[in-house]
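S.K.:
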Amino acid sequence: MTVSIAREGTIAVVTIDNPPVNALSQALRQGLWDAVGALDADPDIRAVVLICAGRTFIAGADVSEFGKPPMEPHLPDLVARIETAAKPWIAAIHGSALGGGLEVALGCRFRVAVPSAALGLPEVTLGIVPGAGGTVRTPRLVGAVEAAAMATSGKPVKAARALAIGLIDQIIDGDLRAGAVAFAEAALNAPLPAPVCARDPAPAPEGFWAAQEAAVAKAAKGAVAPLRALDCVKRAVTGDFTAAMAFERETFLDLRGSDQAAALRHVFFAERAAPRPSTLKDVTARPIATTAVIGGGTMGAGIAAALRDAGLPVVLIERDDTAVARGLANLGAIYDGAVKRGRLSEAQAADRMAGVTGTTDYAALADVDLVIEAVFEEIGVKRAVFAELGRLCRPDAILATNTSYLDPRAIAEGLPHPDRFIGLHFFSPANVMKLLEIVPTADTAPQVLASGFALARSLGKMPVQAGICDGFIGNRILKRYRAAAEALVREGIAIAEVDAAMRGFGLAMGPFEAQDLGGLDIAFLQREGARARGEDVPEMLGDILVRAGRKGQKTGGGWYDYAPGDRKPVPSDTVAGLLAAQITPGAGMDRAAIAARLVAEMAEEGAAILAEGIAQKSSDIDLVKIHGYGFPRWRGGPMFHAIRRGIDGLTQDLGRAPAPALAALIQR
Ligand code: T1G
Ligand code: NAD
55 MTVSIAREGT IAVVTIDNPP VNALSQALRQ GLWDAVGALD ADPDIRAVVL
105 ICAGRTFIAG ADVSEFGKPP MEPHLPDLVA RIETAAKPWI AAIHGSALGG
155 GLEVALGCRF RVAVPSAALG LPEVTLGIVP GAGGTVRTPR LVGAVEAAAM
205 ATSGKPVKAA RALAIGLIDQ IIDGDLRAGA VAFAEAALNA PLPAPVCARD
255 PAPAPEGFWA AQEAAVAKAA KGAVAPLRAL DCVKRAVTGD FTAAMAFERE
305 TFLDLRGSDQ AAALRHVFFA ERAAPRPSTL KDVTARPIAT TAVIGGGTMG
355 AGIAAALRDA GLPVVLIERD DTAVARGLAN LGAIYDGAVK RGRLSEAQAA
405 DRMAGVTGTT DYAALADVDL VIEAVFEEIG VKRAVFAELG RLCRPDAILA
455 TNTSYLDPRA IAEGLPHPDR FIGLHFFSPA NVMKLLEIVP TADTAPQVLA
505 SGFALARSLG KMPVQAGICD GFIGNRILKR YRAAAEALVR EGIAIAEVDA
555 AMRGFGLAMG PFEAQDLGGL DIAFLQREGA RARGEDVPEM LGDILVRAGR
605 KGQKTGGGWY DYAPGDRKPV PSDTVAGLLA AQITPGAGMD RAAIAARLVA
655 EMAEEGAAIL AEGIAQKSSD IDLVKIHGYG FPRWRGGPMF HAIRRGIDGL
705 TQDLGRAPAP ALAALIQR
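For the sequence shown, our numbering gives the first residue as 55, with consecutive numbering after it.
1) Within the same chain, show all residues whose beta-carbon is closer than 6 Å to that of serine 58, passing over the 5 residues directly before and after it, in chain order.
2) Is it the case that the CB of isoleucine 433 approaches a heavy atom of the ligand T1G more closely than 7 Å?
3) Could you work out which residue in Ala554, Cys162, Asp116 and Phe430 is closest to methionine 643 when comparing CA atoms only?
4) Going by alpha carbons, who is nearest to cysteine 447 out of Tyr416, Ile465, Pro500 and Glu432?
5) Could you check the C-alpha separation between threonine 191 and arginine 698 for me, to the nearest Å?
6) DSSP three-state label for glycine 667, please.
7) Please confirm whether alanine 328 and proline 517 have their CB atoms less than 8 Å apart.
8) Could you check what DSSP says for tyrosine 614 in three-state terms: helix, strand or coil?
9) Using the Cα positions of threonine 557 and glycine 564, report the straight-line distance between them to the nearest angstrom.
10) Within the chosen definition, does the stretch 126-146 reach the stretch 88-100 through at least 3 CB pairs nearer than 8 Å?
11) Taking the alpha carbon of isoleucine 251 as the reference point, which residue from Arg163, Gly603, Glu119 and Leu424 has its own alpha carbon closest?
12) Going by DSSP in three states, isoleucine 357 sits in which element: helix, strand or coil?
13) Taking the beta strand (DSSP E) that glutamine 84 belongs to, which residues open and close that run?
14) Can we count threonine 179 as close to the ligand T1G, meaning its CB is less than 7 Å from some heavy atom?
15) Reducing DSSP to helix, strand and coil, say where alanine 555 ends up.
16) DSSP state of aspartate 71, grouped into three classes?
17) Starting from phenylalanine 475, follow its DSSP beta bridges and name the residues at the other end.
18) Quick one: give me the first and last residue of the beta strand (DSSP E) that phenylalanine 295 is part of.
19) Name the two residues that bound the continuous alpha helix (DSSP H) containing leucine 708.
20) Between which two residues does the alpha helix (DSSP H) holding arginine 406 run?
21) In chain order, what residues of the same chain lie with their CB nearer than 8 Å to the CB of leucine 574, ignoring the 5 residues before and after it?
22) Classify asparagine 456: buried if its beta carbon has 16 or more other beta carbons within 10 angstroms, exposed otherwise.
23) Say yes only if the C-beta of proline 184 is nearer than 7 Å to one or more non-hydrogen atoms of the ligand GTP, and no if none qualify.
24) In terms of residue numbering, what span does the alpha helix (DSSP H) encompassing arginine 191 cover?
25) Spatial neighbours of proline 127 within its chain, please: CB distance less than 7 Å, with the 5 preceding and 5 following residues excluded, ordered by chain position.
26) Specify, as a first and last residue, the run of the alpha helix (DSSP H) that cysteine 106 falls within.
27) Which same chain residues, not among the five before or five after arginine 536, have their C-beta less than 6 Å away from its C-beta?
28) Answer yes or no: the CB of isoleucine 144 versus the heavy atoms of the ligand NAD, is any distance below 7 Å?
29) Under three-state DSSP, which class holds methionine 643?
30) In three-state DSSP terms, what is glutamine 721?
31) Measuring CB to CB, does valine 502 end up less than 8 Å from isoleucine 452?
32) Tell me, which residues are paired with proline 517 by DSSP?
33) For methionine 656, count neighbouring C-beta atoms within 10 Å of its own C-beta (all shown protein chains included) and say buried if the count is 16 or more, exposed if not.
34) Could you say which of Arg282, Ala279 and Ala201 lies nearest to proline 255 if we only look at CA atoms?
35) Does the separation of the CB atoms of alanine 146 and arginine 215 fall below 8 Å?
36) Among Asp131, Leu180, Val178 and Gly181, which one has its Cα closest to the Cα of leucine 48?
Here's what the structure looks like:
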């Protein structure tokens, strides 16, 4: 790590070089602290440009220091030192100025940035609030509304927007360093603006705070930090600077040690470890420039959209011309929706569609780099497709299946060059859900596995490597979760109570309302298929409902009744009658106990998955649940949650001792 000083006439250029993202480690803070003193004492220097080497401006405090006691110089003191320096400092920003990075830039008298730069206060995504004046100085530049949006959402703003709202003073086209030095020289020829701390924030619009509190609480879905960040911005706008700074620091230190902050830090590092498995460190991925999708149904259309969103051309293969037209229409519907929601312009949507070629002719696949199969979940249909692919695709073309429950090895049996075969399990809707389970077989070449991870990165997906078992990682835990939820119903716990408990825990919906939304018949058909293969599959309560024609919302009723045209779940007397014989009322459980039980059951299945080597690390299992099934990020995932619950907590939650694999994981 270095903080170096160069002199260009009367302008000093302070360059930070702390790879990979110039995070504000203690050494870096000390280096900047010392640089202020040195340059204040230099009579030849009239202004200071602060710039970073590498790919980005300061990306924030060093997250790896969070679990440790804060060390001097504390960041708020460093920012104040820059702000009150004898010579004005100019922050020259490229890449991202995030968190503490933006706070340092706010201590500067000016901020300039390249057009591609982003500036933000992402602290709430780590379960904390800015701790060095981010919520206090930002409103003094951009006003209450913009500052509240930045601090409570954690979303960065691009340079053009930052200029428009007053967060930066100029966009530098061309060389940032030269442009910043020129800006500094010009700034010295005019009266300097007051330091940000001395500027008064514009008052918030009438009624803003009450409306914002309601909106932030709704969006936060149980996360604590966003509302606390709003409180800080409100103090900054309605009170004096010093008191607001004290309030923010107190809030930061309070949240820094919280369970939610620990959970979100866990997810932060898990998300950075998953896309780069150590086993693939020296493996080069095969380039993927052209792709094909077989099957234009629910998943095929979504996968094609994900590929197009990443700029990859797609050949969409279907059974016949009618199905081709339907597949293209499915894809067109996805983009029509994106245009309606303002996510894409008409021209962008048209461009996405122009990159798709629909056909029934497999000869169109002769030169594609990657084919993803998403046809019916029937082994015969899939094997026939791969026989064609094996015949017509290049021997080095990567062939992938999107199967949910079939054994990829059975699908690939007899395929020439099996080293190029892999499972790529997308989640519906495939162009939205970030999770991608990557399922190699024993024959899959490391280069092909690396290509799967590279594809995930280019699609903006969260890749998790999974071994082969029924349901891989996510659906196997889902099956356990559903069985455990049904067990509670068999003990007399109301269906609606189970769903309310899981919503209260932070899930978007409970297990029963989710099945009604997706359809009970999908899992029912899986179970029936397994039974037909002679597997011992216990009777589920869901089987009783499906056999009674209750498949969920699509049939007007599943676990709940639905009034025509209404998606609101209503507890069903019919279901109560159908299931009455299966219920032996137990002692009853409150919602906290219900949620604790079900999360512990998820973790117990996760521990078994880990012990069997189906998952590589427990944090991957957390990512599967968060990115594939909506497990609340601020809980860290079922494995993180269980490890913090400990053996005694889990014994209480399960009503019995946790299975050996889970106990062993906790005692590691
Ligand atoms: N601290 C430590 N390491 C960090 C880091 C950070 N803030 N940000 C990234 N890294 C590491 C990361 O673990 C990975 O390491 C490598 O850098 C590349 O990251 C006082 C208290 C900057 C947009 O939340 O958003 O300031 O795996 O793969 O995709 O108010 O990293 O290679 O060993 O993500 O190019 C606020 C978090 C902190 C920014 C770059 N700041 N980082 O994305 O690379 S709290 C953040 C990011 C704070 C103050 C408060 C992204 C990025 P490795 P990467 P990327
Ligand atoms: P779907 O029925 O919506 O689509 C399947 C498509 O495949 C249909 O359009 C059909 O015309 C086409 N097809 C069938 N035989 C074909 C052939 N020989 N050549 C070309 N096209 C053919 O099914 P879906 O929900 O999209 O599921 C597809 C696959 O994705 C299944 O393996 C499923 O297990 C898996 N999957 C589904 C989900 C989900 O939530 N639906 C999630 C993940 C994975």
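A virtual CB, placed ideally from N, CA and C, is assigned to each residue, including glycine.
M.R.: Quick look at the numbers:
1) Thr69
2) no
3) Ala554
4) Of Tyr416, Ile465, Pro500 and Glu432, the residue nearest in Cα terms is Tyr416.
5) What sits at residue 191 in the sequence shown is arginine, not threonine. In this model, arginine 191 and arginine 698 are separated by some 36 Å (Cα to Cα).
6) Glycine 667 falls in the coil class under three-state DSSP.
7) yes
8) In the structure shown, tyrosine 614 adopts extended strand secondary structure according to DSSP, grouped into three states.
9) Residue 557 is actually arginine in this sequence, not threonine. Distance between the alpha carbons of arginine 557 and glycine 564 is about 6 Å.
10) As far as the Cβ criterion goes, the stretch 126-146 touches the stretch 88-100, which means the pair count is three or higher.
11) The sequence given here places cysteine at residue 251; isoleucine does not occur at that position. When each option's Cα is compared against that of cysteine 251, the closest is Arg163.
12) helix
13) Element bounds for glutamine 84: not the beta strand (DSSP E) but the alpha helix (DSSP H), 80-94.
14) yes
15) helix
16) Correct three-state label for aspartate 71: strand.
17) Leu453
18) That residue, phenylalanine 295, is in no beta strand (DSSP E); its alpha helix (DSSP H) goes 295-310.
19) 692-708
20) For arginine 406, the enclosing alpha helix (DSSP H) begins and ends at 400-408.
21) Same-chain partners within the cutoff: Gly596, Leu599, Val600, Arg604, Lys605, Gly606, Gly612 and Trp613.
22) buried
23) The ligand content of the structure shown is limited to the ligand T1G and the ligand NAD, which means the ligand GTP is not among them.
24) 188-207
25) Closer than 7 Å at Cβ, skipping near neighbours: Arg83, Gln84 and Trp87.
26) Not the alpha helix (DSSP H): cysteine 106 falls in the beta strand (DSSP E), residues 101-106.
27) Same-chain partners within the cutoff: Pro565.
28) no
29) Looking at methionine 643 - three-state DSSP - the assignment turns out to be coil, as it is neither helix nor strand.
30) coil
31) yes
32) The secondary-structure analysis by DSSP pairs proline 517 across a beta bridge with Leu490.
33) Taking every protein chain shown into account, the CB of methionine 656 has 16 or more other CB atoms within 10 angstroms, so this residue is buried.
34) Of the candidates Arg282, Ala279 and Ala201, the residue whose Cα lies closest to the Cα of proline 255 is Ala201.
35) In this structure, arginine 215 does not lie closer than 8 Å to alanine 146 by Cβ.
36) This structure leaves residue 48 out entirely; the chain is present only between 55 and 722.
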